[in-house]
Amino acid sequence: MHSPTNSEQQQLAALAAGGRAATEQIYQQNYHIISSWLIKNGGGPVDAADIFQEAMVVLFGKAQDESFRLTCSIGTYLFAISKHLWYKKLQTQHKSPVFLQDRTGEEDNDLGIAYDDDINVHSEREAHYEQLNNALDQIGEPCRSLLKAYYHHDKNMQEIAADFGYTNPENAKNQKYKCLTRLRKLFYGVQAK
Amino acid sequence: MSINNNTWELAEAYIAGSLPQEELNELNNRLAGDVEFTNEFNEAINLINSINGSGKQKRFRTMLRDVHEKQTLSNQPAKTKRIVLPAHFWRTAAVAAGVAILTSTITIWSINYTLKKSDSKYNTISRKVGAIEKVQAQQQAQQNKLIEIINTKNKPTPPPSDVKYTGTGFALTNDGYFVTAYHVISDGDSVYIQNHDGDYFKAFVVNFNADADVAILKVEKKNFRFGKNEVPYTFTGSKAGLGAGIFTLGYPKDEVVYSEGYISAKNGFQGNTLQYTLELPAGHGQSGSPVIDGNGNILGLLTAVGSQNEANTYAVSSKALLELLHTIPNAASLHLPKSNKLGRMSREQQIEKMEAYTFSVKVYKK
C-alpha cells in the first residue's frame, strides 16, 4: 500500500471539518472493498455499514487533532480499523463461526497495536459522550433543547433567541451559560453552594 | 461554588482564541494563583470541549448515514438484477464469462501444478509444521508467487483471473451434479473442480440457498462422469443421533485429507435446526466437505468452525440439501443414488471408494 499523498492530507482536513464532499469521496473509494471483506468474514450488510461508519468516526476523531498525520493511506487505515472493530465485535459475541473457506487473496498483516490504541481512545471518548448526553437528557427544559440547538445542531444565538422567544441574543447567551452551569453540576456531580 | 456567566464567557473566548492579549495575561495570572478558580475554569473548558466535540461527531454521524443511504440507493438496482437472474441463464452467462478464462487459466494451472509438485521443500515443510493453516498460508504465498512468476515470464498474456477461494465438493449424481457450501462459490466469477487425478472441470451453479449455506452445481462437460460406478453413498433426510460417529474427506491442501469425529449437538450455531454441531477437526478449504456416518450415509456438509474461544465445527444437515434439491427446475430427472455400497466396508475401503466423488472446488474471480 502507498503512503498518504498531499491530496489525502487535504481530504483528511476536509473530513475533520465535517465536509460532505470529502466524506462522500472517502466513502466511495473505500466502502465497497471493506464491506465485501466484512461480508466475506461473517458479517451481514448491516454489520458492514455499521463497522465502516464506526471506522469513519474513528478517523474523524483522529483527524480533529491538527497535528495528526497518517502513516499509511486513508484506505489502508480504514480497512485496518474496520478489521479490528469487526474482530472485537466477534470476540464480544464469543461464538460467531468463522467460515472454512480458503482465502487465496492478499492478506495484509496490519494487526498493529497502533490501531488498537486508536480504537480504545475512540471507545473511551464514546463512553464520555454518552455520559454527557445522559446528563443533557436529565437537565430539563428549556436547557436541554437550548444546548442541543447550539451544540448539536450548530445554530447561532440569533436563531436560538428567535426560536426560544428571547428578546435578544444576549439574553439567550446568558440562558445558555446558566444551562451550562446546570449541566456541569449534573455531569461532574458538583454541589452548588 | 457555581460557575458564573463570566467564567463561561471567558472559557469560550479562551477556546476560540479570541481573548485580547491583555485579558489573556490577566487570566494566566489568576490561573497561577487561584486554585479554586483554576479547577473551575478547567472544568468549564473540558465541558465546552466535550459538548462541542460530541455535537460535531453527532452531525458527522448523521451525515455519514445520509451518505450511506444515497450511495447504496444508487447501487441498488444493479445488485437486485443480479440476484433475480434465473438459474438457467447462469449457464449461458458462465460460459460467456468463462470462455476467455478457460485457455489461459488451464495452462497456468498445469504449470503451477507441476512446479509445486516438483518442489520437494513444500512437502517437507508440510510434514514438519503440521498445522494445516500454516502450511496453507505458505502454500498460498507460494501459489501467488508462482503465478506472479508465470505472469512476468509470459507478459503478453497475463491470466484474466486468479484462484480466489477453495473449498470441497462431493457428487450428488454420477453425471455431474455436486454440492458445496454456498459461501465458497458466492463471490466468484467461475468455478472449477479439480478431481483426485488433478484434472480440472468447469462447473456452473444450478441453485443455492444462501441462508442454509448450500449450493448445487453441475459440471459443464457433456457426458461427464465422476467415476466408473454410481455414487457409492446415500443421503439421509432424517437427523442422526447425538454421538453418532462421523468422518469427512476434504481438501485443505492439494491432497485429500481424512478426519473423523462425532455429532456433539443435534442443532448447530445458535440452535440452528438445519445444522449439526460436530466434534471434528476441520480447517480452511474444507467447507463443503461431506459429513458421513459409519454406514456411508451423508449426514451433511461442513460449513464453519467456531471462533477461537470455541472448538466446534458446524455442518449443514442433508435435510437442507434435500430441500434445496426439490426446488431445482429439473429435480425429477436428477436421480440420487439409491443403494449404499459403503455399508460393510472397512474405513480404508470406504475412503478409497469415495475419493472419485470428493474433490477440490476452486473459485476464480477477476
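These protein sequences, in sequence, are chains V and G. Taking our numbering, I'd label the letters of the first sequence as residues 1 to 193. Taking our numbering, I'd label the letters of the second sequence as residues 194 to 559. Idealized CB from N, CA, C, for every residue including glycine. All values reported here derive from a predicted model rather than from experimental measurement.
State yes or no: is the beta carbon of residue i nearer than 9 Å to at least one beta carbon in chain G?
{"i": "V/T71", "result": "no"}
{"i": "V/Y166", "result": "no"}
{"i": "V/M56", "result": "yes"}
{"i": "V/D65", "result": "no"}
{"i": "V/Y177", "result": "yes"}
{"i": "V/N120", "result": "no"}
{"i": "V/Y188", "result": "yes"}
{"i": "V/G18", "result": "yes"}
{"i": "V/D110", "result": "Only weak support is given to the placement of V/D110: the predicted model assigns it a pLDDT of 45, under 50, and the value that follows is read from those uncertain coordinates. It does not: the Cβ of V/D110 has no partner Cβ on chain G nearer than 9 Å."}
{"i": "V/Y77", "result": "no"}
{"i": "V/G140", "result": "no"}
In the DSSP output, what is residue i paired with across the bridge?
{"i": "G/L442", "result": "G/Y451"}
{"i": "G/T551", "result": "G/F363"}
{"i": "V/G44", "result": "Per DSSP, none; premise fails for V/G44."}
{"i": "G/T470", "result": "G/A458, G/Y507"}
{"i": "G/I409", "result": "G/V372, G/N400"}
{"i": "G/Q387", "result": "G/Y393, G/S553"}
Just verifying my parser: in three-state terms, what is the DSSP assignment at residue i?
{"i": "G/Q479", "result": "coil"}
{"i": "G/A204", "result": "helix"}
{"i": "G/L234", "result": "First, the residue type needs correcting, since residue 234 of chain G is Phe and not Leu in the sequence shown. Three-state result, G/F234: helix."}
{"i": "V/Y166", "result": "coil"}
{"i": "G/T427", "result": "strand"}
{"i": "V/Q64", "result": "coil"}
{"i": "V/T23", "result": "helix"}
{"i": "G/L494", "result": "strand"}
{"i": "V/L85", "result": "helix"}
{"i": "G/L529", "result": "coil"}
{"i": "G/I485", "result": "strand"}
{"i": "G/G536", "result": "coil"}
{"i": "V/G75", "result": "helix"}
{"i": "G/G246", "result": "helix"}
{"i": "G/G226", "result": "helix"}
{"i": "G/G464", "result": "helix"}
{"i": "V/H128", "result": "helix"}
{"i": "G/D380", "result": "coil"}
{"i": "G/I521", "result": "coil"}
{"i": "V/L38", "result": "helix"}
{"i": "G/A433", "result": "coil"}
Answer yes or no: do residue i and residue j have a C-beta to C-beta separation smaller than 9 Å?
{"i": "G/I521", "j": "G/I485", "result": "no"}
{"i": "V/R69", "j": "G/M256", "result": "no"}
{"i": "V/V46", "j": "V/D118", "result": "no"}
{"i": "G/Q264", "j": "V/E24", "result": "yes"}
{"i": "G/T361", "j": "G/G481", "result": "yes"}
{"i": "G/F552", "j": "G/F417", "result": "no"}
{"i": "G/S457", "j": "G/L492", "result": "no"}
{"i": "G/L495", "j": "G/L471", "result": "yes"}
{"i": "G/T359", "j": "G/G478", "result": "yes"}
{"i": "V/Y87", "j": "G/H261", "result": "no"}
{"i": "G/L240", "j": "V/F187", "result": "yes"}
{"i": "G/Q468", "j": "V/Y129", "result": "no"}
With a cut-off of 9 Å, does the C-beta of residue i fall near any C-beta of chain V?
{"i": "G/G391", "result": "no"}
{"i": "G/Q387", "result": "no"}
{"i": "G/K459", "result": "no"}
{"i": "G/E216", "result": "no"}
{"i": "G/G362", "result": "no"}
{"i": "G/N347", "result": "Caution applies to G/N347, whose pLDDT of 34 falls short of 50 and renders its modelled position unreliable; the value that the coordinates give is listed next. False, the Cβ-Cβ gap to chain V never drops below 9 Å."}
{"i": "G/V450", "result": "no"}
{"i": "G/D404", "result": "no"}
{"i": "G/N197", "result": "yes"}
{"i": "G/E545", "result": "no"}
{"i": "G/D380", "result": "yes"}
{"i": "G/R254", "result": "yes"}
{"i": "G/G246", "result": "yes"}
{"i": "G/T441", "result": "no"}
{"i": "G/S511", "result": "no"}
{"i": "G/L257", "result": "yes"}
{"i": "G/S383", "result": "no"}
Using a Cβ cut-off of 9 Å (strictly closer), state whether residue i contacts chain B.
{"i": "V/H84", "result": "This model lacks chain B altogether, as its protein chains are V and G."}
Just checking residue i against the ligand COA - is the residue's beta carbon closer than 8 Å to any of the ligand's heavy atoms?
{"i": "V/D154", "result": "With respect to small molecules bound, the structure shown includes none, and the ligand COA cannot be examined in it."}
Tell me whether the region 395 to 414 of chain G and the region 364 to 377 of chain G touch, counting them as touching only if at least three CB pairs, one residue from each stretch, are closer than 8 Å. yes
Measuring CB atoms only, is the region 431 to 446 of chain G touching the region 531 to 550 of chain G, in the sense that at least three cross pairs come out at less than 8 Å? yes
Can at least three beta-carbon pairs, one atom from the region 419 to 428 of chain G and one from the region 523 to 534 of chain G, be found at a separation below 8 Å? yes
Check whether the region 509 to 525 of chain G touches the region 385 to 400 of chain G, taking contact to mean three or more Cβ pairs, one atom from each stretch, closer than 8 Å. Flag = yes, the region 509 to 525 of chain G and the region 385 to 400 of chain G touch.
Below 8 Å, how does it come out for the region 146 to 159 of chain V and the region 215 to 223 of chain G: are there three or more Cβ pairs, yes or no? no
Say whether the region 161 to 168 of chain V touches the region 126 to 141 of chain V, bearing in mind that this needs 3 or more beta-carbon pairs closer than 8 Å, one atom from each stretch. no
Would you check if there are 3 or more beta carbon pairs closer than 8 Å linking the region 548 to 559 of chain G to the region 380 to 390 of chain G? The region 548 to 559 of chain G, when compared against the region 380 to 390 of chain G, does touch it at the 8 Å Cβ threshold.
Count the C-beta pairs between the region 360 to 371 of chain G and the region 458 to 476 of chain G that are closer than 8 Å, then say yes if the count reaches three, no if not. Fewer than three beta-carbon pairs drawn from the region 360 to 371 of chain G and the region 458 to 476 of chain G are found closer than 8 Å, and the two stretches are therefore not classed as touching.
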